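Asker: If you scroll down you'll find the structure; I have some questions about it.
In structure tokens, the structure reads:
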């Protein structure tokens, strides 16, 4: 073994400490018609916020999951996003600034993924917002069935369902639902959605410059989250149809959808898996859902809630009803999701 | 019970500086612990927070009582750290500060009570219990040992040294535990065999206090 001098990380960055700000500046430069980036408050805000009389939607979390959340700011989805450092929850100051920036007088919904850091920081921000006279409802996302839920643990993680919830609750807010109704729609999405993820590679945060775990050839991490953390267990890589079988079994046995139910099937890439593989996975998902007597009437395929450049995928199944379907179909115009406009 | 030890604002300033230095030195170690069972940023985040605390304290032109300094430090951590550590350590320092009030100085007993207040704040916010593989597993035995020593009439310095030893033992005791709180809990049984990063930084923070008190007494 030879030791070499420190070399540049193989990532498109300038300084590791500038990654977040420079990336958000780029987002704003590319999508200035939809959003703006407030670098002092470290928040991404919908261009026309606050929308008078509309419930505001704020989400946030560590960076590294792009396009989540900043890429979902715009018409019919989020009013603001608070990005923390890579894989680190943002701080209450950001959330409070975002809440105030989007409050159009109808109150603000905080969409919080169930991670201790996000939960604690959003809790503090909601208390601060209440002190300043802004009504806040928090909606927790905890759809990951890889984690056992229990009274004595931190509970399940919020993963893929976050994207679906932001879209659907965003449509509810856009059509004029009040604060309680938007929050209730959000909670309904969370209750009816379950997810499961696998990874075939690790990922490298810019700050550390090192992969978060070693994954030998031929092995995969099963039951991963979205922070480059190892999964519940390690297994040998198997053919895609078998992997999807394992994932869907975990999702459906927990969700227990009604026979013949319409579902939204979301095949999400973790950042390093190409679309050719994601569509291959969707083919399996679609086939297996139909074989299980379900009806995948809506779908989403692509990398929407990622873990930097991790190769891997998650599957989310959302049991639909007519209202959720209509809200999913409603127009949306954000950097990462756009239809109907 | 009378120890004769008096703690002043300067001790708190020195303590926070000592933490800043020590966290910066141990940052890679904390991050490495966190990479094993968390998301590998504990050192980076704590370093960012205590660096900010150092900056804020340096900008203070008016002398402030110890309690106020701790509240300021706590608020700074909440505003800069993020993750779970920001709210938890921020709340800990704020509660400790509030328990000391506006007094110019405080004694050993009040210091022990401030530590109790800090721990209560962490437990309320994070609802962790001993055995969950968290910072509580280091802090709780340390507080117990501190009270025990002071009640037995030991000088503060000696009681704090025993408290730090208890914190270290408590942190070590997290190795065989299965995490029930925080991000490590997602790993289930795979969290076993690793030292909890929050317990490790708790040891750093208490050790810094013990060193500063030993120097100032």
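Residue numbers (the working numbering), protein chains in the order written: chain W, -10 to 330; chain P, -4 to 212. Glycine residues also receive a C-beta, built at the ideal position from the N, C-alpha and C atoms. Just so we're clear, the structure is a prediction, and the values are computed from it rather than from any experiment.
Can we say the region 241 to 259 of chain W touches the region 222 to 229 of chain W, given the rule of at least three CB pairs closer than 8 Å?
Answerer: Output reads no: the region 222 to 229 of chain W does not touch the region 241 to 259 of chain W.
Asker: Is residue 54 (chain W) near residue 294 (chain W), with beta carbons less than 8 Å apart?
Answerer: In this structure, residue 294 (chain W) lies closer than 8 Å to residue 54 (chain W) by Cβ.
Asker: With a threshold of 7 Å on Cβ separation, who are the neighbours of residue 93 (chain W) within its own chain once the five nearest residues in sequence on each side are excluded?
Answerer: Excluding residues within five positions, the ones whose Cβ falls inside 7 Å are 39, 40, 41, 42, 43, 45.
Asker: The alpha helix (DSSP H) with residue 45 (chain P) in it runs from where to where?
Answerer: Taken as a continuous stretch (DSSP letters only), the alpha helix (DSSP H) holding residue 45 (chain P) covers 37 to 54.
Asker: Within a Cβ cutoff of 6 Å, which residues of the same chain sit near residue 311 (chain W), ignoring the five residues on either side of it in sequence?
Answerer: Once the five neighbours on either side are set aside, residue 311 (chain W) has no close Cβ partner at all.
Asker: Would you verify that the beta carbon of residue 79 (chain W) is, or is not, closer than 8 Å to some beta carbon of chain P?
Answerer: Chain P, which has a Cβ nearer than 8 Å to the Cβ of residue 79 (chain W), makes this yes.
Asker: Helix, strand or coil: which one does DSSP assign to residue -9 (chain W)?
Answerer: Below a pLDDT of 50, predicted positions are generally treated as unreliable, and residue -9 (chain W), at 43, falls in that range; no measurement from the model is reported.
Asker: Excluding the 5 residues preceding and the 5 following residue 89 (chain W) in the sequence, name in chain order all residues of the same chain whose CB lies nearer than 8 Å to its CB.
Answerer: Within the same chain, residue 89 (chain W) has close Cβ partners 118, 121, 123.
Asker: Could you tell me which of P:166, P:126, P:135 sits nearest to residue 109 (chain P), measuring between CA atoms?
Answerer: Closest by alpha carbon: P:135.
Asker: Looking only at DSSP bridge pairs, what is residue 299 (chain W) linked to?
Answerer: Residue 299 (chain W) is bridged to W:260.
Asker: Rounded to whole angstroms, what is the Cα-Cα separation between residue 191 (chain P) and residue 60 (chain W)?
Answerer: Near 34 Å, if we compare the C-alpha coordinates of residue 60 (chain W) and residue 191 (chain P).
Asker: Taking residue 77 (chain W) as the reference, give the member of W:23, W:291, W:155, W:52 with the closest Cα.
Answerer: When each option's Cα is compared against that of residue 77 (chain W), the closest is W:52.
Asker: Using a C-beta to C-beta distance shorter than 7 Å, which residues of chain W count as neighbours of residue 82 (chain P)?
Answerer: By Cβ distance, chain W contributes 109, 110, 113.
Asker: Tell me the DSSP secondary structure of residue -3 (chain P) in three-state form.
Answerer: At residue -3 (chain P), the pLDDT of 43 sits below 50, so the modelled position is not reliable; the number obtained from the coordinates is stated separately. Residue -3 (chain P): coil per DSSP, three-state reduction.
Asker: Short of 8 Å in beta carbon distance, which residues of its chain neighbour residue 154 (chain W), apart from the five on each side in sequence? Order them along the chain.
Answerer: The residues are 100, 128, 130, 175, 178, 179, 182.
Asker: Given 8 Å as the limit, is there contact between the region 105 to 121 of chain P and the region 8 to 20 of chain P, that is, 3 or more CB pairs closer than that?
Answerer: Contact fails: fewer than three Cβ-Cβ distances are below 8 Å.
Asker: With distances taken Cα to Cα, identify the nearest neighbour of residue 3 (chain W) among W:195, W:231, W:219, W:242.
Answerer: The option with the nearest alpha carbon to residue 3 (chain W) is W:195.
Asker: Consult DSSP for residue 204 (chain P) and reduce its assignment to one of helix, strand or coil.
Answerer: The answer is helix: DSSP assigns residue 204 (chain P) an H, G or I state.
Asker: Check the Cβ-Cβ distances between residue 82 (chain W) and every residue of chain B, and say whether any is below 8 Å.
Answerer: Among the chains of the structure shown, chain B does not appear; the protein chains present are W and P.
Asker: In whole angstroms, give me the CA-to-CA distance for residue -2 (chain W) and residue 6 (chain W).
Answerer: Taking the straight line from one Cα to the other gives about 13 Å.
Asker: Output the distance between the C-alpha atoms of residue 157 (chain P) and residue 69 (chain P), rounded to the nearest integer angstrom.
Answerer: So the two alpha carbons sit approximately 25 Å from each other.
Asker: How close, in whole Å, do the beta carbons of residue 110 (chain W) and residue 193 (chain P) come, if the pair is a contact with beta carbons under 8 Å?
Answerer: Incorrect: roughly 16 Å between the Cβ atoms, too far for contact.
Asker: Quick one: grab the DSSP three-state call for residue 133 (chain W).
Answerer: Note: residue 133 (chain W) maps to strand in three-state DSSP.
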